[in-house]
Each structure stands twice: as C-alpha cells, then as structure tokens.
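Each residue of the sequence shown is one higher than the one before, starting from 1 at the first, in UniProt numbering.
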Amino acid sequence: MSRTVIFQLLRMKRRLFLKPSCSKYLNYFFYHYIATQRRKRRGSYFKRLKTKLTFKSLRSLPLIQSIIMANGVDPVFGVNLRDLMSDDGVIFNYGNEIDENDHERFKFDPHVNFTDDELLKFINLDISDDERDDDSDDRDNDDGKKCKATVLPGLNFDKIKEKMQNLRDDGKIKKLILQQGVGNIIPANSLVTVKYSGYLEGQDNPFDSTYHRKSVSRFRLSYSELIWGLDLSIQSMRKHEVSLFLIDPDLAYGEIGCWPTIPGNSEVMFIVQLTDYNDNTETDDFKLLEPVDRKVFLKIEKSIKQSLLTGANNYQRGQVKLAISEYKRAIDRLENSHLDNDEEENRYNSLLSRAYQNLAVCYNKENMPRKACIACNDVVNKTAKTYFHYGRALIKMGEYQEAIEKLNLGLKMDPHNKEMTKELNLADKLQRFSLIIKQNMQSSCLNVAKLSSDAKNQEYRKIASEFCDNFTINNNIMREPFPNKIDPLLRDIIRKIALLKGIKVTSVDKDGKIDFYLEKSNYQ
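Take a look at the structure:
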C-alpha cells in the first residue's frame, strides 16, 4: 500500500468531519503504517481489507479493521455523512488504485495534516540498516556513515529514548541535540527567545507550537513561567541550539494533566530552538520585591533601567511589539512609585522621559502616530529626538503645520541634525501639496455650481475619487483632513467614495467645529 493512499485516507478523514473518537482511530492507523514500514520489507502486510464502518464499530473494532477504503468511493470527496452515521454503516474497500502521479500534489497539499519532512524537520536520527525499510531514499554513503531518517511523532517514545541522554539522575528529562549551539550554556535565570513544538505520544499535531503561530516566545527561566521540566530543559541549551526533550509527567502536567488537550500522567516531547537569550539578572528583580517595596523608587530603579535596556534590545532585533510592552511595563512601575527627595525626582524624570521617548519611537515604527504623539507629550525632559518623533507622528496624522513647529523646536536644539532637516522638508512638501489639492477642490466647487444636479454629482465623484486615491498611495501619512469651505454635497460624496474604497472617515470636535478626516485602516 503506497504512501499516497495514506494521504488520500487523511484527506478523506478531514472531508468527513469525523467525531474525535473516530478520528483517533484514523490517526493511530497512519502512525502504525509508517512505523511498520520501517520494519517490514516489501511484503503483504497491508492487503485489501473489508469491513462495515459505523461510529459504533469504530469504537469497538480492532485498530486495523476500523480503517478501510471503499469500492466506488472517491477518496478525495469521501462519502455522504448521513450514510456513514446510519445503523447499516458503509462498506469500504481500498487498494493501490490511486494514480501515482497525484503523489506530489497530495504530499504538498496545505490541508494534509503532516508530511514526513515538514512536521518535524529538525528530527533526524541515525538508524541502522535493520531499522530502515527498503523504500527509503537514504543509503549509507561511501564513508560508511549511518543514514538519516525523519522520525514522526507517532513513533513510540521508547524508540526515541534509545537515542537520548539523561539530563537528570532520575531520568525524568531526556535530551537529544539535533543542532549544536554556540557559546556557553545559558544562565539559569536568562530571558530566552525560543521556538518550540510540544507533542503527546501518538499524535501528529502538536498541542502547542510557535511554528503554527508563526512567532517566537520569550520566557524568564526559573520564574515559573513554564512547566518545570521544560524550564530545566532550556537551561541546558546554548544559543542557536535545537534539541529534543522527553519530559516525565512529574515534571510536566502531572496526574491531572491539562484537559481536554493533555490527559493526566502524559509524557510530553518538546522540540526547542533557542534563538536568543539575555542573561541580565536585573530584568525581573521587581518580582522578587515585597509589595510594599515595589512602590519605593530607590528599590525599583535598577530593574527599571534593565527594563529599558531589554526594550532597546528587543527594538534592535525587530521585536517592536515586545519593546513596547517592556517600555509600558517600566512606565507603569515608575508612575506607581513614591519619591523621597528632589534628587530621586530628577532620576525619576530622566527614566520616565527615556521610557516615553523610546515608546514614541516604537509607535512610529508600528505606524501608530496618535499613540506616538501622546507618548511624546508625556516626555518630561524633551530633547531634539523627542521633537523629531513628535513631528514625524504629526506628519502621519496630516497635521503638517504642527509638525513643522515641533521639528523647528528640535532643530534649535540640534542645528546640524540632517534627519531633522530632511523631516522638516518632507513636512513642508506635503503641506504645500495638500494645500494645492484643497485649493483645486474649492475652485472646482465654484466651477460646478451652475451645472445641473446630475452633472454636478458626476464631477464631484471624480474629485472625491482623486482625493481618496492620492491619500491611499501616499505612504507618508495615515490621516488626511477634509478641505475646509467645500460644498457639503462634495463632503458627503467624499465620505461615500472613501467607504467604498475601504478608507475610514472620522470626525473630531475642535472647539465646537467638526472636522472630518480620512484614515487608513491601521491608523492608531
């Protein structure tokens, strides 16, 4: 029975939306097939099987007898769900009638649950000749080295344990290095950045995976942010290392487990890639303080400085959202602290200004100009850098005149700042361009005043469409105010055209005067 049929079976399972109890039998069958192929030569182990398939029989029949494919049933589109759930059941037969030309299509289909190489691309275990099946493409090379084989998570954990070493004397954590790291073993209280996937025995899909989320996770070791077994496992790693860990239930989820995903007394397997770490021990010293001490500036000052450093490191690595979280955490802790004297107040203002200023930089990077303006406004000791990012945020908000004023203040503090001059020229250019557009729109309103109603509507729609298109293609701004003193009819048409083009329209009450703005969808 070819591997193509296995993927066909898997597609059928997904098409049928089987109950979990039925789906479990299917999964076990696939794992059993792949594992057996390692040990069986080209024999007749899998012949055409035939039985009656009902939900009741899936729960009661032996494993292999519960999975069969049918005479006249398309394995891609499956069968009628009503027939499958009936008391009579459905008769299935299967064989090798699938066109082998479809193999590649099914292997790389995004709806297939797993492929040999993609699910655990890092797990390459040395296997000997007697463990290798005849269909394997891996052969011993001329140097006599052992071949490599991808191991699926459905393989019995006992088989993997043979390749692993104990991390603890009691054997409750086992480790296999898949890719060597660099440098020294990381400190026990490091702030780590990892990618990982966690598996239960006999399951093809991880119960937790950063790869599925297409992200990384950051944890402080030794602070109970992870299950204890995984925490201890990561403490044994080096930077850029990729390792496989098997963790005993006592150091994982215990007797209770984590229902419904993880049953009690479950051994778990983790594949961990340590991408980066920060070994500064001061970062979370705040958590070690007593609640009363957390409000004393003198006792939290070191942890605040370290939080600012961690935020800067995150920003440099491109983890802007993590940097935002770190700066906001530092600000919250500072603003809840008490000061004893003027000297502490000066140090407090310096740290708070750094935090808000760096927060504004991050907000501008993430195209959140409104939040960047709020952060700049909260900076106590404003610098040229503060005014630069204040002006940049105002440009994105379409407030060109205010942006020019802020940038001029920054230029007075740092007259030779080329970036400041460049941003000032951009603000002036955009202001003049915006003014020309608004003047043209106002004069157009006068020109069409004498036209008929239909002709006026048509002309206004053309003007509104051009206004919205210019806003959309301008990557320098996130918001644009409506021109003043235009025909109310044109303003209404602009609103309608903008909504049709997916542009938000908002209004702001300024001293009793309502101003309308175009806003891009991600404006914050």
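Beta carbons: idealized from backbone N, C-alpha and C, even for Gly.
By the C-beta criterion, the region 390-398 is judged to be in contact with the region 353-372, since at least 3 inter-stretch pairs fall below 8 angstroms. For residue 318, no beta strand (DSSP E) run applies, since DSSP gives it neither H nor E. Note on geometry: alpha-carbon atoms of residue 435 and residue 298 lie some 52 angstroms from one another.
Using a 10 angstroms sphere on the CB of residue 455, the tally of other CB atoms stays under 16, which defines it as exposed.
Its chain contains 400 as the residues whose beta carbon lies nearer than 6 angstroms to that of residue 431, once the 5 sequence neighbours on both sides are disregarded; these appear in chain order.
Residue environment analysis places residue 506 among the exposed positions, since fewer than 16 neighbouring C-beta atoms fall within 10 angstroms of its C-beta. Where residue 273 is concerned, there is no enclosing alpha helix (DSSP H), although the beta strand (DSSP E) around it starts and stops at 268-278.
Bounds of any alpha helix (DSSP H) do not take in residue 250, whose DSSP letter is neither H nor E. In this structure, the CA atom of residue 504 is about 31 angstroms from the CA atom of residue 419. For residue 187, same chain residues with a beta-carbon under 7 angstroms away, outside a window of 5 residues either side, are 279 in chain order. With contacts defined by Cβ atoms closer than 7 angstroms, residue 471 and residue 500 do not form a contacting pair. Here the alpha carbon of residue 334 sits roughly 25 angstroms from the alpha carbon of residue 222. For residue 332, the closest of 410, 173 and 303 by C-alpha to C-alpha distance is 303. Nearest in C-alpha terms to residue 245, of all of 173, 315 and 329, is 173. Judged by pairs of C-beta atoms under 8 angstroms, the region 263-275 touches the region 235-255, as three or more such pairs exist. Taking 7 angstroms as the cut-off, the beta carbon of residue 483 is found no closer than this to the beta carbon of residue 398. Ranking 440, 508, 475 and 169 by CA distance to the CA of residue 459 puts 440 first. Here residue 305 carries a helix assignment [DSSP, helix/strand/coil]. About 5 angstroms separates the beta carbons of residue 445 and residue 487, which is inside the 8 angstroms limit, making them a contact pair.
For residue 211, the uninterrupted alpha helix (DSSP H) run begins and ends at 210-213, by DSSP. Secondary structure at residue 193: strand, using DSSP grouped into helix, strand and coil.
Only buried fits residue 352, as 16 or more other CB atoms lie within 10 angstroms of its CB. For residue 321, the closest of 461, 247, 207 and 368 by C-alpha to C-alpha distance is 368.
With respect to residue 216, residue 195 sits close: the two C-beta atoms are nearer than 7 angstroms. DSSP, reduced to helix, strand and coil, places residue 390 within a helical segment of the structure shown. Measuring C-alpha to C-alpha distances from residue 225 to each of 255, 205, 191 and 256 identifies 191 as the nearest. In the structure shown, the three-state DSSP call for residue 510 is strand. Here residue 315 has 323 and 362 as same chain residues with Cβ atoms under 7 angstroms from its own Cβ, once five neighbours each way along the sequence are excluded. For residue 361, the secondary structure class from DSSP, reduced to helix, strand or coil, is helix. Here residue 200 is buried: its Cβ has 16 or more other Cβ atoms, across all protein chains shown, within 10 Å. With contacts defined as CB atoms closer than 7 angstroms, residue 275 and residue 193 qualify as a contacting pair.
In the assembly as shown, residue 477 is a buried residue. Its beta-carbon has 16 or more other beta-carbons within 10 Å. In this structure, DSSP gives residue 426 a helical state, which the three-state scheme calls helix.
A residue is called buried once 16 or more other Cβ atoms fall within 10 Å of its Cβ, and residue 354 is buried on that count.
The continuous beta strand (DSSP E) containing residue 175 extends over residues 173-179.
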